[in-house]
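For reference, the structure discussed in these notes is given below.
Numbering (UniProt numbering), first residue to last: 1 to 119.
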């Protein structure tokens, strides 16, 4: 089982060729996401076009590791993301929900305004 504790999770939400491995995926991190793939504590998730496969790339201090999952049925959900950058930073629970097959939708939450607050 994949442990996501203590990691920053970045979801690349453009179609990814699942034939890519360590060098190809780290190239996407450098050239498209504009981050350093050698950051310890950051995981990058990539999905294929049909959203039936996911690869998660991470640097653990002395080498890259890849978690790879292919669904036998169904597809992974598609969260709403920044269209300009094609990526988003997720919380651990959100990525776990996506991997388990739960449709994740991110919405703006209620925030109390100061107008009605009594001092």
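Just so it is clear, CB atoms sit at the ideal spot from N, CA and C, and this is done for glycine as well. Here the structure is a predicted model, which means the values were calculated and not measured.
A distance below 8 Å between beta-carbons, with the five flanking residues on each side excluded, links residue 91 to the following residues of its chain, in chain order: 9.
The beta-bridge partner set that DSSP reports for residue 56 consists of 45 and 67. Residue 74 places its beta carbon less than 8 Å from that of residue 101.
In the DSSP assignment, residue 90 falls within the unbroken beta strand (DSSP E) covering 87 to 90.
Here residue 93 is exposed: its Cβ has fewer than 16 other Cβ atoms, across all protein chains shown, within 10 Å.
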